[in-house]
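Which chain is which? The protein sequence lines are A and B, in order. Under the numbering used here, the first residue of the first sequence carries the number 1, and numbering increases by one thereafter. Under the numbering used here, the first residue of the second sequence carries the number 1001, and numbering increases by one thereafter.
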Amino acid sequence: GNSVTQMEGPVTLSEEAFLTINCTYTATGYPSLFWYVQYPGEGLQLLLKATKADDKGSNKGFEATYRKETTSFHLEKGSVQVSDSAVYFCALTMMDSSYKLIFGSGTRLLVRP
Amino acid sequence: GAGVSQSPSNKVTEKGKDVELRCDPISGHTALYWYRQSLGQGLEFLIYFQGNSAPDKSGLPSDRFSAERTGGSVSTLTIQRTQQEDSAVYLCASSLVGGPETQYFGPGTRLLVL
């Protein structure tokens, strides 16, 4: 079946460090890919998305490129801030009748000052 | 405009009781989803409504779970004879239409079954 695998957390970085959170997917067709973020005490928010191969999603300094050849959608940010501390979820939807989001297990990011 | 709202925000119930959770989607959104976020299972899909089509119930974990959507807007998720393993945060999301459109999530209902 369709699934998403994320790197285990927590990831602990110092402020201004470079961030990569790995995400790979397994899908029988051509998914759309998403990164959602959950800040402490808040609900899930869409961070960025890409709907076809080679698309790059970007928002708030975060980027992720849809790589069909490696079935990956790694999240990157060049310089993290304390305010980026949150749980990040990689997810996909398929072009079938339901379009339900299939989530990875989430990666907790802690940025220290 | 207003986002997705859910009520109650917290619910504590005793094992064996029934509970109803409510979701008000963003106005004009035809697609509505329920998800569950629990420690053991992560974030998992429960059910999907799209307009007047038959809902996709493939994620409901047992026949104790049901959901309806009245008038194409408000949705209610009902859990009958609650069990301790039902304790979780229940999230509702809506999108303009089905498909790869962005799903907007509500704040969730935290359910604790004692």
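Just so it is clear, CB atoms sit at the ideal spot from N, CA and C, and this is done for glycine as well.
Checklist entry - Can you tell me whether DSSP reads B:Asp1056 as helix, strand or coil? => result As a first step, residue 1056 of chain B must be located in the second sequence, where it is residue number 56. B:Asp1056: strand per DSSP, three-state reduction.
Checklist entry - According to the Cβ coordinates, are A:Asp96 and A:Gly9 closer than 9 angstroms? => result The count along the first sequence starts at 1 and reaches residue 96 of chain A at position 96. The count along the first sequence starts at 1 and reaches residue 9 of chain A at position 9. Using a Cβ distance threshold of 9 angstroms, A:Asp96 and A:Gly9 do not count as a contacting pair.
Next on the checklist: Would B:Asp1024 pass as an interface residue toward chain A - the criterion being a Cβ-Cβ separation below 9 angstroms?
Outcome noted: If you number the second sequence from 1, residue 1024 of chain B lands on position 24. So, not an interface residue.
Checklist entry - How would you list, in chain order, the residues of chain A whose beta-carbon sits under 7 angstroms from the beta-carbon of B:Pro1107? => result Indexing the second sequence from 1 puts residue 1107 of chain B at position 107. Think of a sphere of 7 angstroms around the beta carbon of B:Pro1107: the chain A residues whose beta carbon falls inside it are Gly43, in chain order.
Checklist entry - If you draw a straight line from the alpha carbon of A:Tyr99 to that of A:Ala17, how long is it in whole angstroms? => result The count along the first sequence starts at 1 and reaches residue 99 of chain A at position 99. The count along the first sequence starts at 1 and reaches residue 17 of chain A at position 17. When rounded, the distance between both Cα atoms is 35 angstroms.
Checklist entry - Taking Cβ to Cβ, would you say B:Leu1021 is nearer than 9 angstroms to B:Thr1082? => result Numbered from its first residue, the second sequence carries residue 1021 of chain B at position 21. Numbered from its first residue, the second sequence carries residue 1082 of chain B at position 82. It is not a contact, given that the beta carbons lie outside the stated cut-off.
Item to check | Three-pair Cβ contact test at 8 angstroms for the region 1053-1068 of chain B versus the region 1099-1110 of chain B | outcome: With the cut-off at 8 angstroms, the region 1053-1068 of chain B and the region 1099-1110 of chain B do not touch.
Checklist entry - With a Cβ-Cβ cutoff of 9 angstroms, do A:Tyr88 and A:Ile21 count as a contact? => result By 1-based counting over the first sequence, the position of residue 88 of chain A is 88. By 1-based counting over the first sequence, the position of residue 21 of chain A is 21. Between A:Tyr88 and A:Ile21, the C-beta gap is smaller than 9 angstroms, which places the two residues in contact.
Item to check | Beta-carbon gap between B:Ser1009 and B:Ser1087 smaller than 9 angstroms | outcome: Numbered from 1 along the second sequence, position 9 holds the residue referred to as residue 1009 of chain B. Numbered from 1 along the second sequence, position 87 holds the residue referred to as residue 1087 of chain B. It is not a contact, given that the beta carbons lie outside the stated cut-off.
Next on the checklist: Tell me the rounded alpha-carbon separation between A:Gly25 and A:Ala64.
Outcome noted: For the purposes of this step, residue 25 of chain A is taken as the residue at position 25 of the first sequence. For the purposes of this step, residue 64 of chain A is taken as the residue at position 64 of the first sequence. In the sequence on display, residue 25 of chain A carries Tyr and not Gly. Approximately 14 angstroms between the Cα atoms of the pair.
Item to check | Classification of A:Asp84 by the beta-carbon crowding that lies within 10 angstroms, buried from 16 upward | outcome: For the purposes of this step, residue 84 of chain A is identified with residue 84 of the first sequence, where counting begins at 1. Around the Cβ of A:Asp84, a 10 Å sphere holds 16 or more other Cβ atoms; the residue is buried.
Item to check | Rounded distance between the beta-carbons of B:Val1012 and B:Leu1091, thought under 8 angstroms | outcome: Reading the second sequence from its first residue, position 91 is the one you call residue 1091 of chain B. Reading the second sequence from its first residue, position 12 is the one you call residue 1012 of chain B. Actually they do not touch by this definition, with Cβ atoms about 18 angstroms apart.
Checklist entry - Near B:Gln1084, which residues of its chain fall below 8 angstroms by C-beta distance, leaving aside the five closest residues on each side in sequence? => result Mapped onto the second sequence, residue 1084 of chain B falls at position 84. Lys1015, Val1113 and Leu1114.
Next on the checklist: Output needed for B:Ser1005: all residues of its chain with C-beta closer than 7 angstroms, excluding positions within five of it in sequence on either side, in chain order.
Outcome noted: Position 5 of the second sequence, counting from 1, holds the residue named residue 1005 of chain B. Correct list, in chain order: Asp1024 and Gly1106.
Checklist entry - Ordered along the chain, which non-local residues of its own chain (more than five positions away) have a Cβ less than 6 angstroms from that of A:Phe103? => result Along the first sequence, read from residue 1 onward, the residue named residue 103 of chain A stands at position 103. Listed in chain order, the non-local C-beta contacts of A:Phe103 below 6 angstroms within the same chain comprise Phe89 and Ala91, local neighbours out to five positions each way being set aside.
Next on the checklist: Among the candidates B:Leu1032, B:Gln1041, B:Arg1036 and B:Gly1028, whose CA atom is the shortest distance from the CA of B:Ser1075?
Outcome noted: Along the second sequence, one-based indexing puts residue 1075 of chain B at 75. Ranking B:Leu1032, B:Gln1041, B:Arg1036 and B:Gly1028 by Cα distance to B:Ser1075 puts B:Leu1032 first.
Item to check | First through last residue of the beta strand (DSSP E) which encompasses A:Gly57 | outcome: The sequence position of residue 57 of chain A within the first sequence is 57, counting from 1. Per DSSP, A:Gly57 belongs to the beta strand (DSSP E) from Lys56 to Asn59.
Next on the checklist: Does chain B have any CB closer than 9 angstroms to the CB of A:Ser86?
Outcome noted: As a first step, residue 86 of chain A is located in the first sequence; it is residue number 86 there, counting from the start. Note that residue 86 of chain A is Ala in the sequence shown, not Ser. Judged by the 9 angstroms Cβ criterion, A:Ala86 is not in contact with chain B.
Next on the checklist: Please return the same chain residues whose Cβ sits closer than 6 angstroms to the Cβ of A:Lys49, not counting the five positions on each side in sequence.
Outcome noted: Mapped onto the first sequence, residue 49 of chain A falls at position 49. Only Phe34 and Gly57 meet the Cβ criterion.
Checklist entry - Leaving out five residues before and five after A:Asn2 in sequence, what residues of the same chain have Cβ atoms less than 8 angstroms from its Cβ? => result Residue numbering aside, residue 2 of chain A sits at position 2 when the first sequence is read from its first letter. When the five nearest sequence neighbours on each side are left out, the beta carbons in the same chain lying within less than 8 angstroms of the beta carbon of A:Asn2 are those of Tyr25, Thr26, Ala27, Thr28, Pro31, Leu92, Met94 and Ile102, in order along the chain.
Item to check | Beta-carbon neighbours of A:Gly106, restricted to chain B and to distances below 8 angstroms | outcome: Locating residue 106 of chain A in the first sequence gives position 106, counting from the first residue. Residues of chain B whose Cβ lies closer than 8 angstroms to the Cβ of A:Gly106 are, in chain order, Gly1042 and Leu1043.
Checklist entry - In chain order, what residues of the same chain lie with their CB nearer than 6 angstroms to the CB of B:Gly1098, ignoring the 5 residues before and after it? => result Translated into the one-based positions of the second sequence, residue 1098 of chain B becomes position 98. Counting only Cβ-Cβ distances below 6 angstroms, and skipping sequence neighbours, we find Ala1031 and Gln1050.
Next on the checklist: Here's the rule I'm using: 16 or more other beta-carbon atoms within 10 Å means buried, otherwise exposed. How should B:Ala1093 be labelled?
Outcome noted: As a working note, residue 1093 of chain B is residue 93 in the second sequence. Classification for B:Ala1093: buried.
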